[in-house]
Structures are given as C-alpha cells and as structure tokens.
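If you read the protein sequences in the order shown, they are chains L and X. Position 11 (the first sequence) corresponds to -6 in the numbering used here; numbering is contiguous. Position 21 (the second sequence) corresponds to 25 in the numbering used here; numbering is contiguous. Cβ atoms here follow ideal geometry from the backbone N, Cα and C, with glycine treated the same way. Computed from a predicted model, the values in this text were never measured in an experiment. Below is one structure, written out as structure tokens; the observations come after it.
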Amino acid sequence: EAGVTQSPRYAVLQEGQAVSFWCDPISGHDTLYWYQQPRDQGPQLLVYFRDEAVIDNSQLPSDRFSAVRPKGTNSTLKIQSAKQGDTATYLCASSLYWGAYEQYFGPGTRLTVL
Amino acid sequence: GDSVTQTEGQVTVSESKSLIINCTYSATSIGYPNLFWYVRYPGEGLQLLLKVITAGQKGSSRGFEATYNKEATSFHLQKASVQESDSAVYYCALSDSSNTNKVVFGTGTRLQVLP
C-alpha cells in the first residue's frame, strides 16, 4: 500500500510569490490534514477535511493561505503571497476514518521564502 | 489552550543504555486527553509509535513504553536498552478525547544513540 505522497519536496521562493503544495493521501482515507512545521518546532495543524468538506480551517492565515480537496481524495494547499515567516515544512497526513487515532504522514514539502 | 512540553531538544545516549524522554502536557479545555508519541526516523515521514487513551494505562511499542500519569500530567517515553537504530526525532502529542482529529504536538526531542 502506497503511503501519503507530497510534491514538490522542496520549494524556494522570493517574498510575494505564490506556491502550491499537492498531497495524495492513502487510498480510502477519508480525513486529510495539513500541518505547518517551522524549524525546531512541532507540526501545527492548519486545516483538515472530511472527504471534500473543510472541517476546521481556523488556523489558516486565511488572507494568503487556501486549501481544497474537491473530490475527497487529493488536496492542494496554496500560499498566495509568501512571506519569510512562511518558511517551514508543510506536512500532509491522512487517517482512515473520522475520529481515527492514527494519522499517516507524508514526507513533507520544505519551503524557503527568501 | 492545550499544549505539550518537551524540555530536551536533544538527547545523546550510548547504545544499550536506558533512555527517558520527558513530556508534560496541559489540557485546559478538555478533561483527559488522548496521548501519543510519534517518531520520525531519518529520511522517513512522521509515524505513530504508541498511544494511550486512558489515564493510568501504559502503552508500548518497539521496546518503548509510556505511562499516562494524569496527576503529574506527564507521558514520559522510556526504553531500557536503546539501539543505534532508535536514533530519530520523537514528538509527544495530545488530542481531545471528543475530537481526536485535532492533534497538538510538542517541539520534539532528537535522540542520538552512539555505538
């Protein structure tokens, strides 16, 4: 069984540029999460979905960040106008069903904003 | 809000020695949270090592153990004899028992095991 996949693995931007991160969860997993992990910190939940519905996006900096999961499978996280403070690793995770304890994480996308 | 504290950023232990990685939590908005240890081995994604959802219980996996101590609000990770292959970053985490999807992570402890 394939794990959670993410692309790209790395991204380097200038401030003000836009970037999108793509996530393919484990097949059949209905819940999908996006985390931001700054260097030397733990993952911090940004948004999560149950199927195609956003359940909680209260931690998304909504003016610049957006996330979609239109068919309840793959997901895209987009930063509209990146800032240096967005420098972090962006992790995608999925879980088999709503309320499952275990989350399965992808390898992450390391973003550097210059 | 809820939080998890890992006081050691890095721990270095010689192979075959015992290990303890400290974790304390604060769950101000919920009663008894679910508690987890996740691990990231070099070159791999974060993965669940063990979980305990009942206060007073112990979880174990791959020779590691952690006991849910609600009086001390602690969930320390222990291993009697570490191996070089245990070198990794370990994250303590919690979730609300009524909403297991929202997980709060600690800052992580990097374990280096010397041969």
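Exercise for review: Determine the chain L residues that contact X/Thr28 at a beta-carbon separation under 8 Å, and present them in chain order.
Suggested key: Here the premise fails: no neighbours, minimum Cβ distance about 14 Å.
Check your understanding: At a CB-CB cut-off below 7 Å, which residues of chain X make contact with L/Phe48?
Key -> Simply none; closest approach about 18 Å.
Point to revise | Reduced DSSP secondary structure (H/G/I, E/B, other) of X/Ser99 | key: strand
Review point. How is L/Glu35 classed by DSSP in three states: helix, strand or coil?
Key: coil
Exercise for review: Evaluate X/Tyr94 with the Cβ neighbour count: other Cβ atoms within 10 Å of its Cβ, from every protein chain shown; 16 or more gives buried, anything less gives exposed.
Suggested key: buried
Point to revise | Inter-residue spacing [alpha-carbon to alpha-carbon] between L/Pro21 and L/Gln27 | key: 9 Å
Check your understanding: Since L/Thr72 is in the beta strand (DSSP E), which residue starts that stretch and which ends it?
Key -> Its beta strand (DSSP E) spans residues 71 to 78.
Exercise for review: Leaving out five residues on either side along the sequence, give the residues of the same chain with a beta carbon under 6 Å from the beta carbon of X/Thr11.
Suggested key: Asn26
Check your understanding: In the segment 42 to 66 of chain L, which residue ranges form an unbroken beta strand (DSSP E) of at least 3 residues, counting only runs that do not cross its ends?
Key -> 48 to 51, 58 to 62
**Study point:** Contact belief for L/Cys6 with L/Leu15 at Cβ below 8 Å, rounded distance in angstroms
**Key:** 7 Å
Check your understanding: Using the beta-carbon of each residue, which ones in chain L are nearer than 7 Å to X/Gly112?
Key -> Gly25
Practice item. Closer than 6 Å by C-beta to X/Leu118: which residues in its own chain qualify, once you throw out the five before and the five after it? Chain order, please. Key: Ser18
Point to revise | Inter-residue Cα distance where the pair is X/Val108 and X/Lys55 | key: 14 Å
Point to revise | Rounded separation between X/Phe79 and X/Val8 - CA only | key: 10 Å
Exercise for review: Could you name the residues of the same chain whose beta carbon sits closer than 6 Å to that of X/Gly67, not counting the 5 residues immediately before and after it, in chain order?
Suggested key: Lys83
Point to revise | Exposure label - L/Ser77; buried when at least 16 CB within 10 Å | key: buried
**Study point:** CB contact below 9 Å: L/Phe4 versus chain X
**Key:** no
Review point. Of all the CB atoms in chain X, is at least one closer than 9 Å to the CB of L/Val(-13)?
Key: yes
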